[in-house]
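What follows is a short report on a single structure.
2 protein chains.
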Amino acid sequence: MFKFTITKKSKKSRARLGLLKTSHGVIETPVMIPVATQASIKTLNSEQVKKTGSQLLICNTYHLRLRPGEKVIKSLGGLHQFMNWSKPLMTDSGGFQVFSLGFGRDFNVSKIIKGRVKSQIKAGQQPKLLKITKTGVWFRSHVDGRKIFLGPKESMEIQSALGADIIFAFDECPPPHANRAYVSDSVELTHKWAELCLKHHDKKQALYGIAQGGHFRDLRLKSARFIGSLPFDGFGIGGELGGSVLEMKKMLAWVTAELPEGKPRHMLGTGHPEDIPAIIASGCDTFDSIVPTHFGRHGTAFTSSGRLNLSNLIFLKDKKPLEPGCECEACTGYSRAYISHLFRSRELLGMQLLSIHNLTFFNRLVSDIRRKIEEGKF
Amino acid sequence: MFKFTITKKSKKSRARLGLLKTSHGVIETPVMIPVATQASIKTLNSEQVKKTGSQLLICNTYHLRLRPGEKVIKSLGGLHQFMNWSKPLMTDSGGFQVFSLGFGRDFNVSKIIKGRVKSQIKAGQQPKLLKITKTGVWFRSHVDGRKIFLGPKESMEIQSALGADIIFAFDECPPPHANRAYVSDSVELTHKWAELCLKHHDKKQALYGIAQGGHFRDLRLKSARFIGSLPFDGFGIGGELGGSVLEMKKMLAWVTAELPEGKPRHMLGTGHPEDIPAIIASGCDTFDSIVPTHFGRHGTAFTSSGRLNLSNLIFLKDKKPLEPGCECEACTGYSRAYISHLFRSRELLGMQLLSIHNLTFFNRLVSDIRRKIEEGKF
Numbered sequence: 499m500f501k502f503t504i505t506k507k508s509k510k511s512r513a514r515l516g517l518l519k520t521s522h523g524v525i526e527t528p529v530m531i532p533v534a535t536q537a538s539i540k541t542l543n544s545e546q547v548k549k550t551g552s553q554l555l556i557c558n559t560y561h562l563r564l565r566p567g568e569k570v571i572k573s574l575g576g577l578h579q580f581m582n583w584s585k586p587l588m589t590d591s592g593g594f595q596v597f598s599l600g601f602g603r604d605f606n607v608s609k610i611i612k613g614r615v616k617s618q619i620k621a622g623q624q625p626k627l628l629k630i631t632k633t634g635v636w637f638r639s640h641v642d643g644r645k646i647f648l649g650p651k652e653s654m655e656i657q658s659a660l661g662a663d664i665i666f667a668f669d670e671c672p673p674p675h676a677n678r679a680y681v682s683d684s685v686e687l688t689h690k691w692a693e694l695c696l697k698h699h700d701k702k703q704a705l706y707g708i709a710q711g712g713h714f715r716d717l718r719l720k721s722a723r724f725i726g727s728l729p730f731d732g733f734g735i736g737g738e739l740g741g742s743v744l745e746m747k748k749m750l751a752w753v754t755a756e757l758p759e760g761k762p763r764h765m766l767g768t769g770h771p772e773d774i775p776a777i778i779a780s781g782c783d784t785f786d787s788i789v790p791t792h793f794g795r796h797g798t799a800f801t802s803s804g805r806l807n808l809s810n811l812i813f814l815k816d817k818k819p820l821e822p823g824c825e826c827e828a829c830t831g832y833s834r835a836y837i838s839h840l841f842r843s844r845e846l847l848g849m850q851l852l853s854i855h856n857l858t859f860f861n862r863l864v865s866d867i868r869r870k871i872e873e874g875k876f
Numbered sequence: 499m500f501k502f503t504i505t506k507k508s509k510k511s512r513a514r515l516g517l518l519k520t521s522h523g524v525i526e527t528p529v530m531i532p533v534a535t536q537a538s539i540k541t542l543n544s545e546q547v548k549k550t551g552s553q554l555l556i557c558n559t560y561h562l563r564l565r566p567g568e569k570v571i572k573s574l575g576g577l578h579q580f581m582n583w584s585k586p587l588m589t590d591s592g593g594f595q596v597f598s599l600g601f602g603r604d605f606n607v608s609k610i611i612k613g614r615v616k617s618q619i620k621a622g623q624q625p626k627l628l629k630i631t632k633t634g635v636w637f638r639s640h641v642d643g644r645k646i647f648l649g650p651k652e653s654m655e656i657q658s659a660l661g662a663d664i665i666f667a668f669d670e671c672p673p674p675h676a677n678r679a680y681v682s683d684s685v686e687l688t689h690k691w692a693e694l695c696l697k698h699h700d701k702k703q704a705l706y707g708i709a710q711g712g713h714f715r716d717l718r719l720k721s722a723r724f725i726g727s728l729p730f731d732g733f734g735i736g737g738e739l740g741g742s743v744l745e746m747k748k749m750l751a752w753v754t755a756e757l758p759e760g761k762p763r764h765m766l767g768t769g770h771p772e773d774i775p776a777i778i779a780s781g782c783d784t785f786d787s788i789v790p791t792h793f794g795r796h797g798t799a800f801t802s803s804g805r806l807n808l809s810n811l812i813f814l815k816d817k818k819p820l821e822p823g824c825e826c827e828a829c830t831g832y833s834r835a836y837i838s839h840l841f842r843s844r845e846l847l848g849m850q851l852l853s854i855h856n857l858t859f860f861n862r863l864v865s866d867i868r869r870k871i872e873e874g875k876f
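As you go down the protein sequences, you meet chains A and B in turn. Start counting at 1 in the first sequence, then tack on 498, and there's your number in our numbering. Start counting at 1 in the second sequence, then tack on 498, and there's your number in our numbering.
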């Protein structure tokens, strides 16, 4: 079962309120999706994740293909039962790993995005550790070095075995420093793979196509139009979207204008607090983000008055909770001082408490925006 | 407030049932005490620890002296408030670190205990990284290398600032491979320090003296008699107690026969499941153990049918919970397969789930023994 209903549209932006119905429950959109790469939100059990207000999670096909393997998960009743998560689940297609384990590894990509390093990937060029062919990608496992092939057919089969509610088409996520010719070829490949994914889709799960195109307006428009014309249940927006909120907003506007209005849109792999209003205002219904948990594990708490680095000595005498008024388990039980002590003493509980708080904070941020859209104030 | 009442004695052994009343609640004894070295049961928040059935925790004075410092904890309202634990707390005195950071570091002590390596520490000999004087011990901080002095006076002051319900006298814990002359001198030092601790005790917390004596019967008897004659609120049994359950039982019998019957006895730093019946049968009321959490973090689950090493491939397809029938959060929500996946994929949630299960298992083991004593079947 999969049904998307838009319940309200903002008059001031492309933002919309919606309900995404799946056989594991109804999701209120827009929504932030925490990332459970290896079928676990790092440091938290599923009951703790639920208490942060999280409505659905996304797991990584590539990682689960390697460990424990989709057959193991299927034999154990599928991903929901395996990880003790009764609410909806997404799996990505493995396409992002074509980037992150490929060109994403070769260069300091964040410096390239910020324009500090100039480097161009040209058409036909291959990353060092994987090989992109017309039918898919040869990976070298980051676990044991064995060769793994992932293409549209394989990705559909693996995601079918994993059994998430929403799955993605296998795409190539081109590097941000790819030249126009490279991205143009890459978009063609992604489009061919999209058709193959539809062909191999067993129709038991909702399948989202992914529009690519890098930072090239014409390629973004072309990809959004083509992918948007295919009979997918929803659409992902992938690849690089600029180095600033303004650039992202501009590029998202190109894409969302071309995608069918009535189907759900997912922005792949992004989401700092400052990005979130722009993502939603651009008409995205869902987005996944490692930011709350990744930063939490490294000692950063997000609050309405900015980020706190809990390893900092000044917090060791701070009796306040991370965010006064926050009702999460971290804020109702523990002081900044204690959490600072945990990080300074390398106690793993610090990671747990900040992950709980940050997920709660992000979910609250998004539910506040939902309320504002409802009230016509967004 | 501190009151110990023996409610029932076993007829077949020295085991007794008791109630230990503190201002943070009543503890049913015998009881296992989880170790929260740095004011945290590693990987678990205090609500999770409470749900495992844990009645009181023990924290380490030496570690908290270094990080965050007892003054910080006092200014934050004391240890209970700092770590969000409203039930009773103990702190050790730092005496065990004289061993663990001293001679305990120089040799492979477990091999010495098992007789595989012969080595003797002689009277007057000093460990490499610390210096034992008549008034206390100079440590080199394991955090930043600065010199720290801890003696009976300092230990009492620090433990007073930390504010646990039950504190321990500062002692020297001699190494298991110390010769008779060394242990004899060491016992004298511990006895002098015990008197100094009583002198510096501010009487707001229950103070336990520690009987030492190594594996020498006459020294054990002498120390138990002397420490037992002092006006402590309870007694700790420290130092080496042999390399087998039988030896431990024999040595504990020497000591508990000499300690005052009406006061509580704590066995310091031990407790594998197979030791626990012997510890209780010897007349110990409390004992602290890192075993459930330490082994849990390293992938071992304790069950009524033995240990499971969850990293083992055979568990990856095992749908059963760790211990069928166990009502802990790990066993009611997750399969052996999932927990095995977490350990094999280095997901920190594995540590959390095994820590929860193992603490629950140990607490159940001890509460079953309490019931058997009550029913006259132990």
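Idealized CB from N, CA, C, for every residue including glycine.
**Message:** Using DSSP's beta-bridge definition, name the partner residues of THR559 (chain A).
**Reply:** Answer is none; THR559 (chain A) lacks a bridge partner.
**Asked** Which chain A residues sit within Cβ distance under 7 Å of GLU845 (chain B)?
**Response** Near GLU845 (chain B) (Cβ distances below 7 Å), the residues of chain A are GLN536, SER538 and LYS540.
**Request:** Name the two residues that bound the continuous alpha helix (DSSP H) containing LYS572 (chain B).
**Result:** Segment 568-573, the alpha helix (DSSP H) holding LYS572 (chain B).
**CB of PRO528 (chain B) within 8 Å of CB of ARG862 (chain B), strictly** = No. Outside cutoff.
**Item:** Coarse secondary structure for LYS702 (chain B), derived from DSSP in three states
**Value:** Assignment of LYS702 (chain B) by DSSP, reduced to helix, strand and coil, places it in the coil class.
**Request:** Give the DSSP-derived three-state secondary structure of HIS770 (chain B) in the structure shown.
**Result:** Coil.
**Message:** Give me the DSSP bridge partner(s) of ASP590 (chain B).
**Reply:** Note: ASP590 (chain B) is not bridge-paired with any residue in the DSSP secondary-structure output.
**Request:** With 9 Å as the C-beta to C-beta threshold (strictly closer), list the residues of the stretch 656-685 of chain B near chain A in chain order.
**Result:** Residues: none.
**Item:** Cβ neighbour criterion (16 or more within 10 Å) applied to GLU772 (chain B)
**Value:** Exposed, since its Cβ has fewer than 16 Cβ neighbours within 10 Å.
**Message:** Given 7 Å as the limit, tell me if LEU517 (chain A) has its C-beta closer than that to any heavy atom belonging to the ligand ADP.
**Reply:** With respect to small molecules bound, the structure shown includes none, and the ligand ADP cannot be examined in it.
**Item:** Contacts of ARG570 (chain A) in chain B (Cβ-Cβ under 9 Å)
**Value:** It is worth fixing the name first, because residue 570 (chain A) is Val in this sequence and not Arg. Per Cβ cutoff of 9 Å: LEU814, LYS815, ALA835 and HIS839.
**Message:** Among the candidates B:GLN546, B:LYS540, B:LYS501 and B:ASN677, whose CA atom is the shortest distance from the CA of ILE525 (chain B)?
**Reply:** Ranking B:GLN546, B:LYS540, B:LYS501 and B:ASN677 by Cα distance to ILE525 (chain B) puts B:LYS501 first.
**Request:** Could you say which of A:ALA755, A:CYS557, A:THR688 and A:SER617 lies nearest to SER538 (chain A) if we only look at CA atoms?
**Result:** Of the candidates A:ALA755, A:CYS557, A:THR688 and A:SER617, the one whose C-alpha sits nearest the C-alpha of SER538 (chain A) is A:CYS557.
**Message:** Which same chain residues end up closer than 7 Å to LYS870 (chain A) when comparing Cβ atoms and leaving out the 5 residues on each side of it in sequence?
**Reply:** Sequence-distant partners of LYS870 (chain A) (beyond 5 residues in either direction) whose C-beta falls short of 7 Å from its own C-beta, in its chain, are PHE876.
**Prompt:** When the Cα atoms are used, what is the spatial distance from SER838 (chain B) to LEU808 (chain B)?
**Reply:** LEU808 (chain B) has its alpha-carbon roughly 5 Å from the corresponding atom of SER838 (chain B).
**Message:** Assuming contact is defined by CB atoms lying nearer than 8 Å, are PRO762 (chain B) and LEU857 (chain B) in contact in what I supplied?
**Reply:** PRO762 (chain B) is not a Cβ neighbour of LEU857 (chain B), given a cutoff of 8 Å.
**Contacts around TYR560 (chain A), its chain only, beta-carbon distance under 6 Å, and the 5 residues preceding and following it disregarded** = Hits under 6 Å: GLY592 and GLN595.
**Request:** Compute the Euclidean distance between the alpha carbons of ALA799 (chain B) and PRO822 (chain B), then round it to the nearest angstrom.
**Result:** Distance between ALA799 (chain B) and PRO822 (chain B), taken at the CA atoms: about 13 Å.
**Asked** Using a C-beta to C-beta distance shorter than 7 Å, which residues of chain A count as neighbours of PRO790 (chain B)?
**Response** Going along chain A, no residue has its Cβ under 7 Å from PRO790 (chain B), so there is no contact; the nearest lies around 16 Å.
**Asked** Can you tell which of B:ALA779, B:LEU846 and B:LYS629 has its C-alpha closest to the C-alpha of LYS507 (chain B)?
**Response** Checking every option, the nearest Cα to that of LYS507 (chain B) belongs to B:ALA779.
**Request:** Kindly provide the ranges of any beta strand (DSSP E) runs that are 3 or more residues long and lie completely inside the stretch 773-799 of chain B, ordered along the chain.
**Result:** Fully enclosed beta strand (DSSP E) runs of 3 or longer: 784-787.
**Request:** Please name the residue, chosen from B:LEU757, B:ILE504, B:LYS747 and B:ILE664, that lies closest to GLU738 (chain B) on a Cα-to-Cα basis.
**Result:** GLU738 (chain B) has its Cα closest to that of B:LYS747, out of B:LEU757, B:ILE504, B:LYS747 and B:ILE664.
**Asked** Should GLY794 (chain B) be flagged as near chain A, meaning a C-beta pair shorter than 8 Å?
**Response** No - not a single Cβ of chain A is within 8 Å of the one on GLY794 (chain B).
**Message:** The beta strand (DSSP E) that contains ASN807 (chain B), what's its start and end?
**Reply:** Note, ASN807 (chain B): beta strand (DSSP E), 804-807.
**Prompt:** PHE580 (chain B) CB to nearest chain A CB: under 8 Å?
**Reply:** PHE580 (chain B) counts as touching chain A.
**Request:** Thinking PHE730 (chain A) and HIS764 (chain A) are a contact (beta carbons under 8 Å), I'd like their distance in whole angstroms, please.
**Result:** About 11 Å separates the two Cβ atoms, so there is no contact after all.
**Prompt:** Along chain A, which residues have their Cβ under 7 Å away from the Cβ of SER573 (chain B)?
**Reply:** Per Cβ cutoff of 7 Å: LYS815.
**Item:** Interface positions of the stretch 847-865 of chain B facing chain A (Cβ-Cβ less than 8 Å), listed along the chain
**Value:** For the stretch 847-865 of chain B, residues whose beta-carbon sits nearer than 8 Å to a beta-carbon of chain A comprise LEU847, MET849, GLN850 and LEU851.
**Asked** Out of curiosity, what's the CA-to-CA distance linking ARG844 (chain B) and ALA534 (chain A)?
**Response** As the crow flies, the alpha-carbon of ARG844 (chain B) is around 13 Å from that of ALA534 (chain A).
**Prompt:** Of all Cβ atoms in chain B, is any one closer than 8 Å to the Cβ of TYR832 (chain A)?
**Reply:** Taking Cβ atoms only, chain B reaches closer than 8 Å to TYR832 (chain A), which makes this a yes.
**Message:** Less than 8 Å between CB atoms is the rule here; does SER552 (chain A) satisfy it with respect to chain B?
**Reply:** No, SER552 (chain A) does not count as interfacial toward chain B.
**Item:** HIS713 (chain A) in three-state terms, based on DSSP
**Value:** Reduced to three states, the DSSP call for HIS713 (chain A) is coil.
**Item:** Exposure of MET499 (chain B), with buried meaning 16 or more beta-carbon neighbours within 10 Å
**Value:** With fewer than 16 other beta carbons inside 10 angstroms of its own, MET499 (chain B) counts as exposed.
**Asked** Cα separation between PRO672 (chain B) and SER544 (chain B)?
**Response** A direct Cα-to-Cα measurement between PRO672 (chain B) and SER544 (chain B) gives close to 33 Å.
**Request:** Can you give me the start and stop residues for the beta strand (DSSP E) that PRO532 (chain A) sits inside?
**Result:** It spans 529-532 - the beta strand (DSSP E) in which PRO532 (chain A) sits, taken as one unbroken run.
**Asked** Who are the neighbours of SER639 (chain B) on chain A, taking C-beta pairs under 7 Å?
**Response** By Cβ distance, chain A contributes nothing, its closest Cβ being about 13 Å from SER639 (chain B), past 7 Å.
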